[in-house]
Each structure stands twice: as C-alpha cells, then as structure tokens.
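Novice:
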Amino acid sequence: MSTFVTPPPWPRYIRERTVTIAFIIDTSGSIHETFLGMFVDAINDCMRVIEPAEVWLIQCDQEVTDVKHYVWPHVTALKAPSGLPEFKGERLTAFTPPFRYMVRNRIRVKNIIYMTDLYPTAESREDLDREIPVLFRRIGARKLLWLVPEDVKGTDYWKPPVGKIIWITPLL
21 MSTFVTPPPW
31 PRYIRERTVT
41 IAFIIDTSGS
51 IHETFLGMFV
61 DAINDCMRVI
71 EPAEVWLIQC
81 DQEVTDVKHY
91 VWPHVTALKA
101 PSGLPEFKGE
111 RLTAFTPPFR
121 YMVRNRIRVK
131 NIIYMTDLYP
141 TAESREDLDR
151 EIPVLFRRIG
161 ARKLLWLVPE
171 DVKGTDYWKP
181 PVGKIIWITP
191 LL
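Residue numbers (this note's numbering): 21 to 192.
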C-alpha cells in the first residue's frame, strides 16, 4: 500500500531579511555635495533591492559626528546628511573612529560601505595599515567597499589594506 504525502506549499522557504550594512560617510568637507547626493541615491536604490534587516548610517571626520540606526521595516529611504562643512577639504579626516565606534558599541554588520576621498590627515598611513584590518575583523564584517571619487585616482591616496576601492564618476 502506498502513502501519499502532501508537498509543502511553494515556495518552501520564507524570505528572511538578513543583510546588515553600515554606510560610513566622510564629512570632513572633502566630498563634494553632488557626489554625496549621488551616494545617498545609490544607498536608497540598494536598500530597495536588498531590503536589509538593519542599516547603520555613520558620519565621521576626525571623530564620529552622527549615528543613525534603522531596522526593517523602517529602512526605506535615507536622507543626505545636512549641515556639513563646505567642500574645501580643510578639515581633518580619520578612518578608524567609525570602526572603533562599531567595536566599542558591539555593532555587528556583514557589509561596510565607506564613502571618502582616501586622504587620511589625522592618522598616519602606517597606523591605518595596521589597525583597519584588525578592527574590520572584530566587527565581524565580510565585505568592505571604499567608494571614492574618480578624480582621486591619479594622486597619492591611501591604499587600504582591506576591502575594494570602487571608483565613482560624479555626474556634475
């Protein structure tokens, strides 16, 4: 005698939001407002497609200046930071404070996207080469993307020891 088994309903899985992302924005005044607007638009496009479970938006120059945390379903669209310094590139830039902030506050994300010009002025490049990989591992992240304006390419920018540089051409 054979037994008939009813198949489970299709699809056999429930979609769970598991993506966690930290977007870090260099607010030292070295990033042009047009580029910043493009970055925020790209963040919003990304969030519509992947529907992340959790998003951290961290602003930093030589220290963390603002942190916002969003959890699904309240992750719909981010607004560009306001009240930033004029585009001059005169303020100090440090890359370790947002990573240290995440470690200190036990923020665990799998993906980090850092928008900057890769000109550290508040930290030595040797210190960055030593500290960034350690902090990155302590956060538990798997991917790190550095979004950098393309006009930086021909200069003496810092080459991060971890992550991938994505060159962005601003639409001016």
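Ideal placement from N, C-alpha and C gives every residue a C-beta, glycine not left out.
#1: Short of 6 Å in beta carbon distance, which residues of its chain neighbour isoleucine 133, apart from the five on each side in sequence? Order them along the chain.
#2: Alpha carbon to alpha carbon, what distance is there between valine 168 and isoleucine 185?
#3: For the beta strand (DSSP E) containing leucine 148, name the first residue and the last one.
#4: Have a look at the DSSP bridge pairing and note the partners of glutamate 74.
#5: According to DSSP, what are the bridge partners of tryptophan 166?
#6: Within the same chain, show all residues whose beta-carbon is closer than 6 Å to that of arginine 32, passing over the 5 residues directly before and after it, in chain order.
#7: Take the Cβ of threonine 175 as the centre, count every other Cβ of all protein chains shown within 10 Å, and call the residue buried at 16 or more, exposed below.
#8: Let me check understanding here. Comparing Cα to Cα, which of Arg120, Thr47, Asp137 lies closest to aspartate 171?
#9: What does a CB cutoff of less than 8 Å around proline 140 pick up in its chain, not counting 5 residues either side in sequence?
#10: Tell me whether the beta-carbon of valine 84 lies closer than 8 Å to the beta-carbon of proline 118.
#11: Only counting the same chain, and skipping five residues up and downstream in sequence, which positions put a Cβ closer than 6 Å to that of arginine 145?
Specialist: In this structure, then:
#1: Taking the first residue of the sequence shown as 1, we reach residue 133 at position 113. Contacts found: Phe43, Leu165.
#2: In the sequence shown, residue 185 corresponds to position 165, counting from 1. In the sequence shown, residue 168 corresponds to position 148, counting from 1. The alpha-carbon separation between isoleucine 185 and valine 168 amounts to approximately 7 Å.
#3: The residue you call residue 148 lines up with position 128 of the sequence shown. Here leucine 148 belongs to no beta strand (DSSP E); instead the alpha helix (DSSP H) covers 145 to 159.
#4: Translated into the one-based positions of the sequence shown, residue 74 becomes position 54. Paired residues: Thr40, Val91.
#5: Sequence index remark: in the sequence shown, residue 166 carries index 146 (1-based). Partner(s): Tyr134, Ile185.
#6: As a working mapping, residue 32 is identified with position 12 in the sequence shown. Only weak support is given to the placement of arginine 32: the predicted model assigns it a pLDDT of 46, under 50, and the question is left unresolved by the model.
#7: What you label residue 175 is simply residue 155 of the sequence shown in a count that begins at 1. Flag for threonine 175 reads exposed.
#8: Here the question's residue 171 lines up with position 151 in the sequence shown. Per the Cα distances, Asp137.
#9: As a position in the sequence shown, residue 140 is number 120, starting the count at 1. Within the same chain, proline 140 has close Cβ partners Thr113, Ala114, Phe115, Leu148, Trp178.
#10: Translated into the one-based positions of the sequence shown, residue 84 becomes position 64. Translated into the one-based positions of the sequence shown, residue 118 becomes position 98. Going by C-beta atoms, valine 84 is nearer than 8 Å to proline 118.
#11: Your numbering for residue 145 matches position 125 in the sequence shown. Trp178, listed in sequence order.
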